[in-house]
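Residue numbers (UniProt numbering): 1 to 916. Note that CB positions come from ideal geometry on N, CA and C, so glycine has one too. Worksheet: the structure to be examined is printed underneath.
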Amino acid sequence: MPANIAHAADAKGAAIRLRRVKGAVQAAVKEFGETLDAFVAQHGVPSTHSAAETRDEWWDRTMNDLTAAILPDQDSERPVPKPPRYLSAPSIPIDSMAAGSSSTSSNNASDGPHQLDSVIDLFQSAIVSEPFYRSQIVATHLTPARDPTLIPFSTLTPDPIPEAIAHGLQTARNITHLYAHQVDGIRHVLNNNHLIVTTSTASGKSLIYLIPILTQLFTSTPTHRPRALYISPTKALAQDQMRSLTSLISSIPGLDWVRVSTFDGDTPMRDRGAIRDSAHVLFTNPDMLHLTILPNHFEWVAFWRALKYLVLDEVHMYEGGFGAHVGWVLRRMIRVARYYGNRELVVVACSATIGNPIEHARSLMHFTPIHLSSDTSPTPPRLSLIWNPPPLNPSDLRAGRLPLISETARLFVFLIRRSVHTVAFAKTRSQCELLFKDIVTLLGEGSPALISRVKAYRSGYDAGDRRKVERGMSAGEYLGVVATSALEVGVDIGQVDAVVHMGFMGHAALKQQAGRAGRRGRDCLSILVCSNNPLDQHFARHPDKLFSHTSDEHVTTDLTCVDVVAGHVACAAYEVPIRLQVDNEAGQVEGGDNGDEDLLLEIEGVKEAVVSELRWNPEAGHTDLQWYECPHAYPSRAVAIRAIDEQAFTLIDTTNASSPTVLESLELSRAMFSIYVGGIYLHQGQSYLILAVSDERMSAKLRRTTASYFTRKRAYKDVDPVRDRARKVVGPIEAKYADMQVKHHVFGFLKYDNATHKLLESVELATPPFYRGARGVYFDIPGWLAAELAVGGSANSSPNIDVNVNVDADAVDRQARTLRISECRGLASTRPRPLRVILYEDPKAGSGVAHRMFDAIEYVLETALTLVSECPCEDGCPECVMHEQCPYHNDLLSKAKAMYLLQRILKNDLVNHDTA
Numbered sequence: 001m002p003a004n005i006a007h008a009a010d011a012k013g014a015a016i017r018l019r020r021v022k023g024a025v026q027a028a029v030k031e032f033g034e035t036l037d038a039f040v041a042q043h044g045v046p047s048t049h050s051a052a053e054t055r056d057e058w059w060d061r062t063m064n065d066l067t068a069a070i071l072p073d074q075d076s077e078r079p080v081p082k083p084p085r086y087l088s089a090p091s092i093p094i095d096s097m098a099a100g101s102s103s104t105s106s107n108n109a110s111d112g113p114h115q116l117d118s119v120i121d122l123f124q125s126a127i128v129s130e131p132f133y134r135s136q137i138v139a140t141h142l143t144p145a146r147d148p149t150l151i152p153f154s155t156l157t158p159d160p161i162p163e164a165i166a167h168g169l170q171t172a173r174n175i176t177h178l179y180a181h182q183v184d185g186i187r188h189v190l191n192n193n194h195l196i197v198t199t200s201t202a203s204g205k206s207l208i209y210l211i212p213i214l215t216q217l218f219t220s221t222p223t224h225r226p227r228a229l230y231i232s233p234t235k236a237l238a239q240d241q242m243r244s245l246t247s248l249i250s251s252i253p254g255l256d257w258v259r260v261s262t263f264d265g266d267t268p269m270r271d272r273g274a275i276r277d278s279a280h281v282l283f284t285n286p287d288m289l290h291l292t293i294l295p296n297h298f299e300w301v302a303f304w305r306a307l308k309y310l311v312l313d314e315v316h317m318y319e320g321g322f323g324a325h326v327g328w329v330l331r332r333m334i335r336v337a338r339y340y341g342n343r344e345l346v347v348v349a350c351s352a353t354i355g356n357p358i359e360h361a362r363s364l365m366h367f368t369p370i371h372l373s374s375d376t377s378p379t380p381p382r383l384s385l386i387w388n389p390p391p392l393n394p395s396d397l398r399a400g401r402l403p404l405i406s407e408t409a410r411l412f413v414f415l416i417r418r419s420v421h422t423v424a425f426a427k428t429r430s431q432c433e434l435l436f437k438d439i440v441t442l443l444g445e446g447s448p449a450l451i452s453r454v455k456a457y458r459s460g461y462d463a464g465d466r467r468k469v470e471r472g473m474s475a476g477e478y479l480g481v482v483a484t485s486a487l488e489v490g491v492d493i494g495q496v497d498a499v500v501h502m503g504f505m506g507h508a509a510l511k512q513q514a515g516r517a518g519r520r521g522r523d524c525l526s527i528l529v530c531s532n533n534p535l536d537q538h539f540a541r542h543p544d545k546l547f548s549h550t551s552d553e554h555v556t557t558d559l560t561c562v563d564v565v566a567g568h569v570a571c572a573a574y575e576v577p578i579r580l581q582v583d584n585e586a587g588q589v590e591g592g593d594n595g596d597e598d599l600l601l602e603i604e605g606v607k608e609a610v611v612s613e614l615r616w617n618p619e620a621g622h623t624d625l626q627w628y629e630c631p632h633a634y635p636s637r638a639v640a641i642r643a644i645d646e647q648a649f650t651l652i653d654t655t656n657a658s659s660p661t662v663l664e665s666l667e668l669s670r671a672m673f674s675i676y677v678g679g680i681y682l683h684q685g686q687s688y689l690i691l692a693v694s695d696e697r698m699s700a701k702l703r704r705t706t707a708s709y710f711t712r713k714r715a716y717k718d719v720d721p722v723r724d725r726a727r728k729v730v731g732p733i734e735a736k737y738a739d740m741q742v743k744h745h746v747f748g749f750l751k752y753d754n755a756t757h758k759l760l761e762s763v764e765l766a767t768p769p770f771y772r773g774a775r776g777v778y779f780d781i782p783g784w785l786a787a788e789l790a791v792g793g794s795a796n797s798s799p800n801i802d803v804n805v806n807v808d809a810d811a812v813d814r815q816a817r818t819l820r821i822s823e824c825r826g827l828a829s830t831r832p833r834p835l836r837v838i839l840y841e842d843p844k845a846g847s848g849v850a851h852r853m854f855d856a857i858e859y860v861l862e863t864a865l866t867l868v869s870e871c872p873c874e875d876g877c878p879e880c881v882m883h884e885q886c887p888y889h890n891d892l893l894s895k896a897k898a899m900y901l902l903q904r905i906l907k908n909d910l911v912n913h914d915t916a
């Protein structure tokens, strides 16, 4: 036998023997773990807070029997080493594990201290012995418990809370005291001060406005009943708050006459009149206020005159284009209330994640509020972890890491198998569905009884299905939920012990999501599972950057966006004609009548919009007062406040051919990227094969399938300027603000194995492209500068580098996050692109940030250069030049060339050498 063949045979035999030995070792370890777990269940585990002597005594007392049970042939006098899972210092990097941390679970002073409890202890002790654990935990941070500062009801001055309300709070919610910050907030509201509250999640913000509302109702007379209006960004949150208040009122003697109602798109038409006339506390959303209540304000006269409190919940969600629209809607509402003589309105705004609360509140509601930020509520111990999936090939990190979805699924299943109530957050709907599907598959292999106790939750599901999940979580029926950001805010889902974040989604989202856990006073977990995304890996390498981030993001709304102004000026004039004071000699518009119009006129561009968009009624009155009216009926119907007003694309389940049912409805723009013939669509973890798509009927037919693969689209995007609106020369470049055409084209899809996520097949499609309009800023790189950058070629050739600069959003506006970089290029890219830098605004944002970026382009570029040059990294990082959404993982990115490009642009002594 040739030596090489013999050597190969020996190697093969050795490999077989090694696998057998490995299998035997794994079986022994499993048997040991099962025996140990059974023994611990019988004898118990010492508290991690016990003294070391007590723990050692327990170990010595119990391990003799365990040794005899597992190792009967060994010397019984031989000491058994203590395994890491029971040592005082765990084998995972726990930061600052302070013993004896305490917390309180409610506003009840008698609850006493709450010891660092089972969830953190369970996780630390059990995770290291899991077969899939390969030192994925790269960093941890313990936030210790905080004790509350409790104040008796009786200390409220000048008048204490009515005894009946105090009785109801104790009966319905077991509340016998208030937190100190709640007392401060209630005093401000009862003193008719506008207020914005930015204490942490689960800090009792709602009582700061509910107690004044209930107090005013309780002390009112039948002829003067006050009203309150609660506005929430989502119907679900408003309905949840309504149910909570209804329950509380039912426990307060003397308030049985109070009517509490929701008024939203789900409210039957037949009930709306009665609700309008009788509701003392009304729960609604900006959409209903904009489309229904304000245009018909003359039917709500009694409501406007009696309106005392306006509550704005989760105000950080009112940002970008949506925030600008909401700011206008609120000003229109206040203007209508003043029209009916109401100048007593008190506004209370709430948010747990906002960095510029006073500025933002002032922008939204015209008033300048008092800011309440001191938080005296209790917080439980919270262990935050960064979980980095192991590399596929430790010797070649370029091969990537184990799939994000698979790692998250294993971690999720590990938690719920131990009865840890868990919520996992995914970035997108498709990720949510794929994660849920993987979880169901894993549970089916060993814990099929748990499948019914796990649900998915995302936008697009039927509202009834989502309410069922919310109620199931609150009641403890479900152990785990896989969700998108739709579950981030507000709705009470009961006790959550752990939150798993599938990739970094921003500091604000991370804080909001983590705040879902620990709301009942028990210790909790927050686990960030990192993807291959460079930003995630940056935090895995520098966890202090994540854990030390304490400042909340600024939220900015621009009410001056031309399109927003024009639409809402028309709406406001339709509701109440806009009255402008005019200088008769100069013919100049000076201001509004009696100061009421300042709500609108303080916004830049409003006077011009009034004169150009509205109809002047010369017969309306005074010679020095011009009345402007809207020439159209119900202009609010033409103003979409949330986004582009899109048609719905209907998905029809034809599994039962004789009785097809509507599975789901999607926005057209979303359907263009997820609905294609031959693709797999996931709904509640179930796979559906897309059979046919009809663009004319705006529908698709699907059928349930047991296919063992999932699909992902193959697409590209072109962004092209179609009309320049403004130009500005900056050194050797000419920056332009322009209308853009964004072309999205899905030209095929890829099939991936469900179990391994390996690519199975690439399928070509012949589908038409999808076009959307946008606005943005762009500039071309001169050919001579491209040559200096070693990009080479003409304007039609492909650049060899991708330049991206992350500018601190404060330099222009916090809404810079709505900007999109048109494309990234990778090593495998072949499609030609012009030598052009394009920043365009998300068409759905509508915030006008692209125009402001253009106005400040020099400052933006200077700030970018400062940021890049002062960044301490060597080759580029997410804090300077990395683009977190780059599909090619920034493989052509160059920090040095980004700096060179910026330096050359900002030097004005250069000569334009481009003669093309």
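Every beta strand (DSSP E) of 3 residues or more that sits fully in the segment 690 to 745 is shown, in chain order, as 699 to 704 and 709 to 730. Partner residues in the beta bridge of Gln686, as assigned by DSSP, are His683. If only uninterrupted beta strand (DSSP E) runs of at least 3 residues are considered, those enclosed by the UniProt domain "Helicase C-terminal" (407 to 563) are 422 to 425, 454 to 457, 480 to 483, 498 to 502 and 524 to 529.
Below 8 Å, too few C-beta pairs join the segment 255 to 275 and the segment 301 to 308 to call them touching: fewer than three. Annotation: Thr234 is outside any beta strand (DSSP E) and is labelled neither H nor E by DSSP.
The three-state reading of DSSP puts Tyr340 in coil, since its state is none of H, G, I, E or B. Around the beta carbon of Thr221, fewer than 16 other beta carbons lie within 10 angstroms, which makes this residue exposed.
For Ala648, the pairing in a beta bridge is given by DSSP as Glu667. If you check the CB distance, Tyr676 and Leu651 do not come in under 8 Å. Distance from the Cα of Gly204 is smallest, within the candidate group Ala352, Leu291 and Met288, for Ala352. Taking each of Ser447, Lys713, Pro162 and Ser363 in turn and checking the Cα distance to His316, the smallest one comes out for Ser363. Rounded to the nearest whole angstrom, the C-alpha separation of Tyr778 and Pro721 is 8 Å.
Under the criterion of beta carbons closer than 8 Å, Phe414 and Gly480 do not qualify as touching, at roughly 11 Å. In this structure, the alpha-carbon of His297 lies about 7 Å from that of Glu575.
For His224, the secondary structure class from DSSP, reduced to helix, strand or coil, is strand.
Exclusion of the five residues before and after Thr368 leaves Arg362 as the residues of its chain whose Cβ lies within less than 6 Å of its Cβ.
Distances from the alpha-carbon of Ala786 to those of Leu835, Asp753 and Lys758 put Leu835 closest. Following the DSSP letters along the chain, one finds Thr140 inside the beta strand (DSSP E) bounded by residues Ile137 to Thr143. Residue burial annotation: Asn191 is exposed, with fewer than 16 other C-beta atoms found within 10 angstroms of its C-beta. Taking Gly515 as the centre and dropping the five residues before and after it, the same chain places the C-beta of Ser200, Thr201, Ala202 and Ala352 closer than 8 Å to its C-beta, in chain order. Between Pro768 and Leu599, the alpha-carbon positions lie close to 46 Å from each other. Boundaries of the beta strand (DSSP E) harbouring Leu760: Leu759 to Glu764, taken from the DSSP string. When Gly476, Asp277, Arg541 and His568 are compared, the shortest CA-CA separation from His290 is found for His568. In this structure, the beta-carbon distance from Ala715 to His683 does not fall below 8 Å. Taking the Cα positions, Asp695 is about 51 Å away from Gly521. Just measuring C-alpha positions, the residue of Leu702, Asp544 and Glu613 sitting nearest Cys571 is Glu613. Going by DSSP, Phe123 is part of the alpha helix (DSSP H) stretching over Ser118 to Ile127. In this structure, the straight-line span from the alpha carbon of Glu664 to that of Asp184 is close to 46 Å.
In this structure, the beta-carbon distance from Arg225 to His280 falls below 8 Å.
Classified as exposed, Asp724 has fewer than 16 neighbouring CB atoms from the shown chains inside 10 Å of its CB.
At a Cβ-Cβ threshold of 8 Å, Thr215 and Ile165 count as neighbours. Taking the CA atoms as reference points, Asp558 sits about 15 Å from Pro357.
The distance from the Cβ of Asp497 to that of Ala517 is about 6 Å, consistent with a contact at the 8 Å cut-off. The three-state reading of DSSP puts Trp257 in coil, since its state is none of H, G, I, E or B. Here the alpha carbon of Ile161 sits roughly 23 Å from the alpha carbon of His371. Boundaries of the alpha helix (DSSP H) harbouring His181: Ala180 to Leu190, taken from the DSSP string.
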